[in-house]
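K.L.:
So the protein lines, in turn, are chains D and C.
Under the working numbering, the first residue of the first sequence carries the number 2, and numbering increases by one thereafter.
Under the working numbering, the first residue of the second sequence carries the number 316, and numbering increases by one thereafter.
All residues carry an ideal CB built from backbone N, CA and C; glycine is no exception.
First the structure, which I've put down as structure tokens, then a few questions once you've had a look.
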Amino acid sequence: MKIKENHKTVPETALSVRNIHKSFGDEEVLKGISFDANSGDVISIIGSSGSGKSTLLRCINFLERPDSGEVAVAGEVIRTHRAKDGLQYPSDKHQLKQMRARLGMVFQNFNLWAHRTVLENIIEGPVQVLKHSRKKAVAEAEIFMDKVGITQKRDQYPSQLSGGQQQRVAIARALAMHPTVMLFDEPTSALDPELVSEVVQVIRQLAVEKRTMIMVTHEMALAREISSHLIFLHNGRIEEQGPPDVIMENPKSDRLRQFVGKF
Amino acid sequence: MIQFFNNVVSWLPELLAATPLTLTLTLVAGICGLVFGTLLALARLSDSLVLSMPAGIFMFVMRGTPLLVQLYLIYYGLGQILPGTWVRHSFLWPYLRDGFSYAVIALSMNQAAYNGEVLRGAIRSVPKGQIEASVAIGMTSFQVLTRVRLPLAFRDCLPVLTSDIIILLKSTALVSTITVLELMGTARMIQRESLQIYEPLIACGLVYFAVVIVLTNIMRPIESRLTRFRRGNT
Numbered sequence: 002m003k004i005k006e007n008h009k010t011v012p013e014t015a016l017s018v019r020n021i022h023k024s025f026g027d028e029e030v031l032k033g034i035s036f037d038a039n040s041g042d043v044i045s046i047i048g049s050s051g052s053g054k055s056t057l058l059r060c061i062n063f064l065e066r067p068d069s070g071e072v073a074v075a076g077e078v079i080r081t082h083r084a085k086d087g088l089q090y091p092s093d094k095h096q097l098k099q100m101r102a103r104l105g106m107v108f109q110n111f112n113l114w115a116h117r118t119v120l121e122n123i124i125e126g127p128v129q130v131l132k133h134s135r136k137k138a139v140a141e142a143e144i145f146m147d148k149v150g151i152t153q154k155r156d157q158y159p160s161q162l163s164g165g166q167q168q169r170v171a172i173a174r175a176l177a178m179h180p181t182v183m184l185f186d187e188p189t190s191a192l193d194p195e196l197v198s199e200v201v202q203v204i205r206q207l208a209v210e211k212r213t214m215i216m217v218t219h220e221m222a223l224a225r226e227i228s229s230h231l232i233f234l235h236n237g238r239i240e241e242q243g244p245p246d247v248i249m250e251n252p253k254s255d256r257l258r259q260f261v262g263k264f
Numbered sequence: 316m317i318q319f320f321n322n323v324v325s326w327l328p329e330l331l332a333a334t335p336l337t338l339t340l341t342l343v344a345g346i347c348g349l350v351f352g353t354l355l356a357l358a359r360l361s362d363s364l365v366l367s368m369p370a371g372i373f374m375f376v377m378r379g380t381p382l383l384v385q386l387y388l389i390y391y392g393l394g395q396i397l398p399g400t401w402v403r404h405s406f407l408w409p410y411l412r413d414g415f416s417y418a419v420i421a422l423s424m425n426q427a428a429y430n431g432e433v434l435r436g437a438i439r440s441v442p443k444g445q446i447e448a449s450v451a452i453g454m455t456s457f458q459v460l461t462r463v464r465l466p467l468a469f470r471d472c473l474p475v476l477t478s479d480i481i482i483l484l485k486s487t488a489l490v491s492t493i494t495v496l497e498l499m500g501t502a503r504m505i506q507r508e509s510l511q512i513y514e515p516l517i518a519c520g521l522v523y524f525a526v527v528i529v530l531t532n533i534m535r536p537i538e539s540r541l542t543r544f545r546r547g548n549t
């Protein structure tokens, strides 16, 4: 039997989310969500709008502070403490920043820095956060720009690019941080229909490369195609989860049946 | 008539010699105003009442009273008080003996209040998504401020900052009332000595006008370079 040298036989847990709760005012948006992602997993989170998908994703890197619950990246828990108001707050700003740097986020609205060119957007994180030399960052950025097919646009500003191009830059910007896990927040929802495919292609390629990804999406076809695991969120709870084929073919709950039926 | 124009022209060299002082006042107060204005804007936007309240009051008062009143209060007020204090014997004293320092203080404070108000609005209008992207990539709050929020805010309000500088340039004429012999002060001195009323004033106006044109033309390429990221096809 051949032993793969570069891969551990036991898949390591890249991301672990434990019992996340989040309320906005009186409305409890997340009612205790837990899931794990092993290295190389692609997990898609689906559900109707208002089910808490985006909030869940934003809780993972504390863009939205979870009221309670635990997030661990590659085994390291984001340290928090409980304050007098009964909610938890991050305890160690420095650690939180390091953990965020390991969670590459791609937003629905791209959120590229408008005053920086494509290249500058991509090297900003490596230079400012990871403290790489500019030279090294540029050399790497070139690889990632090539990967997402944006090399010709390297000196252009975001306003000069189409939505699809901007989102590909955003993906390259996340990749440049060498993240442990990539978080996609509806990466194709803000795109014109004819631009969706160029972004989907890039995401598909990342899945083939076995990058660990958590993706909130409405693209059911894509979710089914690339996901190793599907999570169906409803009213702040995980209603159903499993391999995409099983889930889509034989939905157990009425909710999911209704939801899948729409597509 | 020709005599009149000749008179106007004849005062130009003397006035041009006073122009560097006007420019120095503008430059120093402009830079101080921008630095303190930025700090004021940040204090104003702070969650802490200890910071935002005093900043708010300062900007409100400075913007609500005439510069000339501020100038007099600082020159005659501070100028009265300071000699009786430790300042009289400190290294600062040589600078605080003439009107120039008081002029710079008053102009800077005034400029800071105006710049602060403009910047406050600009900082608040930085798109939230770009700040989130910075936080998500692991930047410190200081990095988010210096790498994203301030650069975008400055670019956003650059045209207003430029026009504030030009207003400042023309406001420096007021400091002639506290013995500073800049452009306007020199023109008034010429008036007294030559007993001509209009000629020195017209010459002085021409010089201001020329300086404004030069200043505008310096700022235009800077503005267009800093805001080229906006010129897109979307």
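Please report the distance separating the alpha-carbon of D:Asn112 from that of C:Phe469.
P.N.:
Using only the alpha carbons, I get a separation of about 19 Å.
K.L.:
Kindly confirm or deny that the stretch 44-62 of chain D and the stretch 80-87 of chain D touch, where touching means at least three C-beta pairs closer than 8 Å.
P.N.:
No, the stretch 44-62 of chain D does not touch the stretch 80-87 of chain D.
K.L.:
Is there contact here, the stretch 366-374 of chain C with the stretch 389-404 of chain C, by at least three beta-carbon pairs under 8 Å?
P.N.:
No, the stretch 366-374 of chain C is not in contact with the stretch 389-404 of chain C.
K.L.:
Out of C:Met316, C:Phe415, C:Leu360 and C:Val441, state which residue places its alpha-carbon closest to the alpha-carbon of C:Gly500.
P.N.:
Measuring from the Cα of C:Gly500, the nearest candidate turns out to be C:Phe415.
K.L.:
Of all the alpha helix (DSSP H) runs that stay within the bounds of the stretch 465-518 of chain C, which reach a length of 4 or more residues?
P.N.:
Those alpha helix (DSSP H) runs which fall completely within the stretch 465-518 of chain C and span 4+ residues are 465-486 and 498-509.
K.L.:
Taking a contact to mean a Cβ-Cβ separation below 7 Å, would you say D:Val197 touches D:Gln168 in this structure?
P.N.:
Not in contact: D:Val197 and D:Gln168 (Cβ atoms no closer than 7 Å).
K.L.:
Run through the DSSP bridge pairs and tell me what D:Arg19 is partnered with.
P.N.:
DSSP, once it has assigned bridges, lists D:Glu71 as partnering D:Arg19.
K.L.:
Closer than 8 Å is the cut-off here; do at least three beta carbon pairs connect the stretch 223-237 of chain D with the stretch 479-496 of chain C?
P.N.:
No: fewer than three Cβ pairs fall under 8 Å.
K.L.:
Chain C partners of D:Val130, CB-CB under 9 Å?
P.N.:
Within 9 Å Cβ-Cβ: Ile452, Gly453, Met454, Thr455 and Gln458.
K.L.:
Strictly by DSSP, which residues pair up with D:Val182?
P.N.:
In the DSSP output, where bridge partners are listed per residue, D:Val182 has D:Leu104.
K.L.:
Nearest to C:Thr380 by CA position, among C:Tyr429, C:Ile446, C:Tyr417 and C:Phe320, is which residue?
P.N.:
Ranking C:Tyr429, C:Ile446, C:Tyr417 and C:Phe320 by Cα distance to C:Thr380 puts C:Tyr429 first.
K.L.:
Between D:Tyr90 and chain C, is there a C-beta pair that is closer than 7 Å?
P.N.:
So, not an interface residue.
K.L.:
Among residues of its own chain, excluding the 5 on either side of D:Ser24, which ones have a beta-carbon nearer than 7 Å to its beta-carbon?
P.N.:
Contacts found: Val30 and Asp68.
K.L.:
Could you check whether the stretch 70-78 of chain D touches the stretch 153-163 of chain D, counting it as contact only if at least three pairs of C-beta atoms, one from each stretch, sit closer than 8 Å?
P.N.:
Flag = no, the stretch 70-78 of chain D and the stretch 153-163 of chain D do not touch.
K.L.:
Assuming D:Leu107 contacts D:Ile172 under a Cβ cut-off of 8 Å, what Cβ separation, rounded to an integer in Å, is found between them?
P.N.:
According to the sequence as given, residue 107 of chain D is Val; it is not Leu. 6 Å between Cβ atoms; contact.
K.L.:
Listing by chain order, which chain D residues have their CB less than 7 Å from the CB of C:Val323?
P.N.:
Ordered by position in chain D, no residue passes the 7 Å Cβ test against C:Val323, which lies about 46 Å from the chain.
K.L.:
Could you check what DSSP says for D:Gln89 in three-state terms: helix, strand or coil?
P.N.:
D:Gln89 falls in the strand class under three-state DSSP.
K.L.:
Per the contact definition of three or more C-beta pairs closer than 8 Å, is the stretch 380-391 of chain C in contact with the stretch 351-362 of chain C?
P.N.:
The stretch 351-362 of chain C is not in contact with the stretch 380-391 of chain C.
K.L.:
7 Å is my cut-off, CB to CB: does C:Leu355 come that close to chain D?
P.N.:
No, because no Cβ of chain D sits closer than 7 Å to the Cβ of C:Leu355.
K.L.:
CB-CB under 7 Å to D:Val261, same chain, minus the five flanking residues each way: which ones, in chain order?
P.N.:
Met249 and Pro252, listed in sequence order.
K.L.:
Whole angstroms is fine: what's the gap from D:His133's alpha carbon to D:Leu176's?
P.N.:
One C-alpha to the other measures close to 15 Å.
K.L.:
Less than 7 Å between the beta carbons of D:Ser17 and D:Asp37, yes or no?
P.N.:
Contact flag set, yes.
K.L.:
Check whether the Cβ of C:Gly436 lies closer than 7 Å to any Cβ atom in chain D.
P.N.:
Answer no: the Cβ-Cβ gap between C:Gly436 and chain D never drops below 7 Å.
K.L.:
Measuring only between beta-carbons, confirm whether D:Lys98 sits less than 7 Å from chain C.
P.N.:
Chain C contact via Cβ: present.
K.L.:
Report all residues from its chain with a CB closer than 8 Å to the CB of D:Ile44; omit the five preceding and five following residues, and keep chain order.
P.N.:
Counting only Cβ-Cβ distances below 8 Å, and skipping sequence neighbours, we find Phe36, Ala38, Met214, Ile215, Met216, Ser228, Ser229, His230, Leu231 and Ile232.
K.L.:
Identify whether D:Met216 lies in helix, strand or coil by the three-state DSSP scheme.
P.N.:
Strand at D:Met216.
K.L.:
C:Leu483 and C:Gln426 - do their beta-carbons sit closer together than 7 Å?
P.N.:
The answer is yes: Cβ separation under 7 Å.
K.L.:
Mapping the DSSP letters down to three states, classify D:Arg117 as helix, strand or coil.
P.N.:
Of the three classes helix, strand and coil, the one that applies to D:Arg117 here is coil, per DSSP.
K.L.:
Just to check my reading of the structure: C:Ile528 and C:Trp326 have Cβ atoms closer than 8 Å, yes? What is that Cβ distance to the nearest angstrom?
P.N.:
Incorrect: roughly 19 Å between the Cβ atoms, too far for contact.
K.L.:
Select from D:Lys94, D:Glu121 and D:Gln259 the residue whose C-alpha is nearest the C-alpha of C:Phe457.
P.N.:
The shortest Cα separation from C:Phe457 among D:Lys94, D:Glu121 and D:Gln259 belongs to D:Lys94.
K.L.:
In the DSSP output, which residue or residues are listed as bridge partners for C:Val441?
P.N.:
Bridge partners of C:Val441: none, in fact.
K.L.:
Check the Cβ of C:Glu447 against every Cβ in chain D and list those closer than 8 Å, keeping chain order.
P.N.:
Residues of chain D passing the Cβ test: Leu64, Phe108 and Asn112.
K.L.:
Give the residues of chain C in contact with D:His116, contact being defined as C-beta atoms less than 7 Å apart.
P.N.:
In chain order: Pro466, Leu467, Arg470 and Phe544.
K.L.:
List the residues of chain C that D:Arg101 touches, going by C-beta distances under 9 Å, in chain order.
P.N.:
Simply Val450, Ala451, Ile452, Gly453 and Met454.
K.L.:
Who are the Cβ neighbours of C:Ile317 in its own chain at under 8 Å, not counting the five residues just before and after it?
P.N.:
Here the set comprises nothing.
K.L.:
Answer yes or no: do D:Gln99 and D:Arg80 have a C-beta to C-beta separation smaller than 7 Å?
P.N.:
In this structure, D:Arg80 does not lie closer than 7 Å to D:Gln99 by Cβ.
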